[in-house]
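Residue numbers (this note's numbering), protein chains in the order written: chain A, 1 to 383; chain B, 384 to 766; chain C, 767 to 1149; chain D, 1150 to 1532.
All C-beta atoms, glycine included, are put in the ideal place defined by N, C-alpha and C.
Quantities reported herein were computed from a predicted structural model and do not represent experimental measurements.
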C-alpha cells in the first residue's frame, strides 16, 4: 500500500476535525494512497503534544516552516486561522507539497490570487476545504441539476445563520478581530454559501450588499479558553472589528437572481447552512442542520401529485454512503471531512485536480470582496 | 341593528373574496353595524349580474361613478385592478364614503400620496387591505414582539414566492402589463411583505434592489378566460412589461438588516408568503401556506430545551378564533378577509382609524419606489 | 332553479357547521338543486331563535317530530348528539325525507342496523357525515390508491388525538356521559378513523382493543356554557362514564395489518386526525391539522430521488378546489361540510347513493362494537 | 493509563460498528480505562483477517471458545447473530469476562434468563446494547420525564419501521430464518422500542399483539453477499420463517396505554425508530432518522404560545455533545455506539452496573414473548 506523510498545522477545532478525518478515511473507504499522520504543528508545546498523542500524530513541531521544509512530508494540511494561510500556503507550494487548505482561503483577494498562482506553478494538488460540497445530499443536488431535473435556474438563496455571539458577554475571540479573521460571518459563512452557489448555479456577475454590527464592544477573551465557549479574561473590553451580519443580492451570469444572508445573530439557528434553488423544471432545498436530507420538487410529477419530497440521502446509491451504514442510519458533520480526505488523496493518486481548489477560492473571494466594496460604496459591483 | 350600505367595484377574484367576507362577517362575529350588500359594479353587464345574483348584491351598476355618487351608499369597496384605484378612491373620498381598498394601493407613489390626503381630508375611514395582518398567527407574532418576547430585532426576511407563470405559454394577462398592474411581483407580492415588515419590525431606512425578467414575450390572453388559468386568444404574442422577480436588501430604522424576495418563478411555491424574524430574545417564522401556524423560538426556555415551537394558532385565546371553531379546526385564506370586514366596520362604528390605512400605503409605496429606483440606478436609496 | 327545503335538528357546534355549509354550498358551487334553509329545530326557544336569525333559517320549531312530519320539508339534517339519532332518523326515513346525519351514527349497532334498514326501505338518500372523506387531500389519497400508486396495502395507522379534557377541572359535559354519548373517543374519534380506513384500505376482519380511563370524576357542568370550554355548575362532582382513550389493532380482509389510537389525553394534539398507509409501491400520510397537505412516497421515483413529498392539495386539479381559490390559498375545516352538502344534493338530484351512507355506518359500528367486546373480554374478535 | 483487552466475536455490520466505536471512544472522550483491540474472531479466516487489518485488531482467531478462554482478554464483545448469543455469553460469564452484548439478547426467554443469572453470578459488568438509549436526544427525553416536565404519562407509541425487504426478490438472508434470527421485526425492531418504552415510561403490564407475513418465499441468498443488499444464489426459493410485521397494544403498570408497530414493509421508512409520549404536563416525539432532534410540547408555556418545539440536541449542555462538535454540527448513527463504549468502560472502572443490562434484556423478552403468545392465542397476556 502506497502511503504519504501528512503534516498538519493547527490543533484547535479544525485540527480535531481534520485529524479524525485522516484516521477515518482509510478505515471506511478503499484508498490507493494511505495517509500517515506524521507531524502535528502548533505554537504551544503542551496542548500540541496532547493533541498529537490523542490523534496519533507521530511527532510534534512548533515551527511550521520546519514542517514545510521536511523532505519526508508530502502533504501540508493547513488548519490554522485564516490570517496565517497565505504565508504557509505559499511556502508549501514552493516546497512542492500537496496542500489541503481549510477555508476561508485568505485575508485578501490579492493573497488568494498569489496563493493560487503559486500552487498552480508548483504543480501540486491544491484543495480548499469547503467541506459541504461533499455532503451526500449536496452531491445529490448537483446530480439533479446536472441531469437537467431542475431546468434553467431562476433563483438561489443561500443563508448561513448562527447565533453563538448574541450574548453581549461572549468574549472577543479571534473570530471577531479583523486582523485575525479578515471579516466576520461574511468571510466565515457567506464564503461557504458562495462556494455552494458557484458549485450549483454558476458564476456571479453582479453584487450588492449591506453589512452591519449589532454589538461593538465585548469582554476580552481568556486565551486558554475553548474556541466557541470561551471564558473572558477579566481584563476589560475590546472593540469588535468585524461585521455581525452580511446580506447580498446577486445576479448570476446565467441570469438567475439570488440572495445571500450570513449572520451570527439569528437566534435559534445553530449551524443553519441553508439553500434554496428554483428552476424551470424543479426546485431544491437543503439545510445543514438536517444534512442527510434534500428536498426536491419536480414538475415532471403528475400535476396532482407535485410537492417537495424529502429525500433521505442515505441510500447506497447516494455518494459515499455505501461505505458507511445501511439506509436511514444517518451520518454527521465530520463525515464530510472524511469524504474530502478520500477525494483529495484520490486526486493526488490520479494526478488530477480536485474542486474546489485555489482557483475556486479566488473566484469566491472576488465575490466576497465585491460585496464588501458594495456595502461601503452603496453601489452595485459588476464582476 | 344599525346597517350600512356597501357598493363594491369589481367582480373578479377579489370581488368574490370580498363578497364572501361581507356575508360571513356578521354570521360569525358580533357586529355593531351590519353591512348590506347594496350594489355591485362592473363594466360587463352579464357576468356582473351573475356575480350579484350569486352573492346577493341587491342591484348592479356598470358605471362606478354612479355608485360613488349615490347618497344611500356608505362604503365603497374597491376590488378592481390597481390602475383604477386612484380615480375611484379620490372620488369616493370626495363623496365622503368610507373606503375599503384592495391592495396594492396605486400605480405610483404620487397617486398614493394624493389618495391618502384626500381620504384624510374627507374624514372617512380608509383601509388598505393587506389581509395577512389579520391572520391569527400573524397577530400572534405581533403580540409576541410587542410583549418583548423577541427582544431587539436583528433580522427580517420576507419572501413571497409563487410559480403560476413559469410556463412560457401562460398568457399575457393584465398582471403582466405595466399599464394595468404598475409592476409585477414587486408591487403585487413585495407590497404584502413590506406591509408585514412595517407592522412587525418598523420603518425601513435604506434599500437596494435587483429585478429581472425571465420570459419577455407571451401569448395574448383570451379576454373571457378565468384570471389565473386563462386561455390564450390565438392572436399572437405580446411583450411582458413588468419584472418577473424582485429582490431587496434593506436596513430598518431600528438597525435590523433585512431581505425581501418576490417572484412568480419559484417552482413549487404556490402562495408562499413567508417571513422570518430574528431577535435578541427569540425568533419567529411564518408561512402562509401553513397560515394557522407560527414558529417561535425563545431564549427564555431552559438552554437544554430551546427550539422552534410550532404554535397551532387555533386556540380560543388567539385573535378571532373563538368565533370560528374548536382548537385544531383550521381556518383558510378567506377568513382573513372576514376579519378585515369585522375590524373595518368596528372602526367605522367607533370612529377610529384602522391599520393599515392609506398612510401606511404611502409609506409602503415609498419603499417599493425606492427599490425600483435602486434597481435602475444600481445605488442604495436612503429613505 | 329547483329548490329543496331543509329542516335542521340541533343548533350547537354541528348546527353552526351545517348551517354555514348549506349557505356556502350554492355560492361556491354550481348546484342543480338549491337548498332552502326552511326550519331550525331545538328544545330551547331563545337560543334557537337567535341561531335561526343568524343563519337565516326561515322558521323555528321546538318539537322535532313536527319538523319531520311537515310535507314541505324535503331534507332532515340531524345535528344533535348521538343519543337522539336513532329516533329522529327512523321517523325521517318513515316520512320519506332525505337524511343528512351527523356522525357518530347511533348508540348501538342494533340501532344502526335498524336505521339503515329503514332508510333503505324508504328509498331516500341517506348520508352519514364523515366529513373528512371530502377533504381534497383525502380524496387525493383515495385517487392515488385507486390508480394503484400505493400498490398492495400492507399497513394502516389511524390516530385521532385531542387534548381538550386533560384538565381535571374540565366539566362533565355530555360527551363524557355514556347515556348521551354512547362512548368516549372510541365512538367520537375512532369512528372517523374507521370510516377513513374502510374508505381507503377496505373492510376489517379482526380486532383487538384496549380502552382506559384516566380521570374518573369531574365537576358537574354549567348547562348554559359553551360546548367545549364550558364552565362548571358548582354543584359538585359526577362520574365519567366513558373511556378516555381507546387503542385497536386490526387485520384487514386484504391482509393489511393496522392500528388505531383515539384519545382526548394526547397533550399538544388539538384535532390530530392522522393516518399513514404503507403499500408495496408507495405510502401516504395525512394530518387534519395540516388538512391541505398529503404526503406521498412513491417507489416509482428513481431510487436516488425517493422521498415523502408534501403535496399542497390546493391546485385546481384537486377535488373541489377549482371552486374556491387559486393554488396555495388554503381552505379550512368548514369547507369539508360544504363539499358534503354539494355531493349530498347532487346525489338527491341524480337519484344515486352517496358514501358514506347508513350501510357504511353499520359496517363501521360493527368494528367499533367488536373493539369494545375485545376490550372487555381480552380476546380478538373476528368480524 | 489503565487498559483492558477486548475480544470481539463477529465481523459483519455490528463488527464494523463496534470496532469503530472502540477506536473513536478514547479519541473523543476522556476514559479512565482505554480499550485495546486485542483479538477479532470469526469463522472465515480471510474476511476476518481483512476486517482485523482494517480496524487494527491485533490478532485473529476462528474459534470463539479460545478467545473466551484467554487469560489476557478482559472484555468479550458479542457482535454475531442472535442464535449464537446464548452459548457465547454463558461461556464469557463463566470465564469472568465483562460482556458487551449486541441486541437482541437471545432466541428465547429461557436463554435470556439463564444468561442474566450467569452474568449476575459471575460478578462481571454486563451490558445489552440498545444503543438508542445513548442518543443525546433520547437522553434529553429521559431528563425531561425525570424532571416531571411531562407529568403523568398517558400514552406511548413506539413504531420501528423499515422497508428493506419489500422487494420480493430480496433474498432469504439469515434475518428471515427463524432458526438464525428467532423472529423477524418483532425481535429485531420491537425489541428496541420495548427497551425505550421501559426506559422512558416503565414496565408493561398487559399485551395483545397481531403479527403477519406478506411474502412467504424468497430466493436463496448468496452466502458471500453483503448483509443488507445481498445477491441471490440462483439455487431456488426458500420459506420465510419469521413474521414481516408485528403490532402490539399494551397497558403499562403506571396506567399508560401504548402501542407498538414493527415492520420491514413500511415503504419509505428506512430506519424510522419513532416514539411519541403524551403526558399530563407535556409530550415528546422522537424519530431516529432525525436523531439529533427531540420534539417537546409543554403545558407550562403560556396558553397562546404552546406548540411542539424542535430541540436540536447538539448543544454542549446535551449529554455527550461537548465531546464532539459545536452546536448545530450534527452527529450520526455510529456515535451512539461510541457513547455506549464510553459508559460501559466507565461502569467497569467504577465497578457499577450499566443499563440496559441482561436483567433489562430479560424484562424486554418477557414482553416480546407475551406478545407472540397473544398473537397465537388471540388473547391478552397479563405479565
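By the criterion of at least three beta-carbon pairs nearer than 8 Å, the stretch 749-762 of chain B is not in contact with the stretch 1067-1080 of chain C.
Within the same chain, Cβ atoms closer than 6 Å to the Cβ of residue 1412 of chain D are found at 1310, 1334, 1394, the five residues on either side in sequence being excluded. When DSSP reads this structure, residue 1177 of chain D sits in no beta bridge, so it has no partner. For the stretch 1370-1411 of chain D, the continuous beta strand (DSSP E) assignments of 3+ residues that do not extend past its boundaries occur at 1381-1388, 1394-1401, in sequence order. Taking each of D/1502, D/1511, D/1493 in turn and checking the Cα distance to residue 1181 of chain D, the smallest one comes out for D/1493. Minimum Cα-Cα distance from residue 626 of chain B among the listed residues B/457, B/445, B/548, B/390 corresponds to B/548. Residue pairing by DSSP leaves residue 832 of chain C without any beta bridge partner. Look at residue 11 of chain A here: in three-state DSSP terms it is coil, with no helix or strand label. Here residue 461 of chain B carries a strand assignment [DSSP, helix/strand/coil]. According to DSSP, residue pairing for residue 704 of chain B in a beta bridge does not occur. The Cβ-Cβ distance between residue 99 of chain A and residue 277 of chain A does not fall below 8 Å.
The beta carbons of residue 1077 of chain C and residue 1060 of chain C sit closer together than 8 Å. Annotated as proximal: residue 589 of chain B and residue 766 of chain B, with beta-carbon spacing under 8 Å.
Apart from the 5 residues on each side of it in sequence, residue 297 of chain A sits with its Cβ closer than 6 Å to the Cβ of 282, 283, 308 in its chain, given in chain order. Between residue 958 of chain C and chain A, the shortest Cβ-Cβ separation is not below 8 Å. Here the stretch 256-276 of chain A makes contact with the stretch 190-209 of chain A; the two share three or more CB pairs at distances below 8 Å.
For residue 1458 of chain D, the closest Cβ of chain B is nearer than 8 Å.
In the structure shown, the three-state DSSP call for residue 920 of chain C is strand.
Within the stretch 1040-1074 of chain C, the residues whose Cβ lies closer than 7 Å to any Cβ of chain A are, in chain order, 1062, 1069, 1070, 1071, 1072, 1073, 1074.
Residues of chain C whose Cβ lies closer than 9 Å to the Cβ of residue 144 of chain A are, in chain order, 1070, 1071. Residues of chain A whose Cβ lies closer than 9 Å to the Cβ of residue 1481 of chain D are, in chain order, 292, 324, 325, 329, 330, 331, 332, 333, 334, 335.
By the criterion of at least three beta-carbon pairs nearer than 8 Å, the stretch 1151-1167 of chain D is not in contact with the stretch 1121-1132 of chain C. Neighbours of residue 34 of chain A in chain D, taken as residues at a C-beta separation under 8 Å, are lacking, since the least C-beta distance is about 11 Å. In this structure, residue 836 of chain C and residue 924 of chain C do not form a Cβ contact; the two beta carbons are roughly 40 Å apart against a cut-off of 8 Å. With a cut-off of 8 Å on Cβ pairs, the stretch 1284-1303 of chain D is not in contact with the stretch 1184-1202 of chain D, counting fewer than three such pairs. Closer than 8 Å to the CB of residue 1329 of chain D there is not a single CB belonging to chain C. Neighbours of residue 218 of chain A in chain B, taken as residues whose beta carbon is under 7 Å from its own, are absent, since the nearest beta carbon is some 15 Å off. DSSP links residue 424 of chain B through a beta bridge to B/392, B/444. Between residue 247 of chain A and residue 214 of chain A, the CB-CB gap reaches or exceeds 8 Å. Within the same chain, 674, 719 come within 7 Å of residue 518 of chain B by CB-CB distance, once the 5 residues on both sides are set aside. Of the other Cβ atoms in all chains shown, fewer than 16 fall within 10 Å of the Cβ of residue 1526 of chain D; this residue is therefore exposed.
At a Cβ-Cβ threshold of 8 Å, residue 97 of chain A and residue 76 of chain A count as neighbours. Contact check for residue 834 of chain C against residue 827 of chain C fails: the beta carbons are separated by 8 Å or more. In the DSSP assignment, residue 732 of chain B falls within the unbroken alpha helix (DSSP H) covering 718-733. Taking residue 967 of chain C as reference, the option from C/907, C/807, C/845, C/984 with the minimal CA-CA separation is C/907. The three-state reading of DSSP puts residue 1460 of chain D in strand, counting E and B together.
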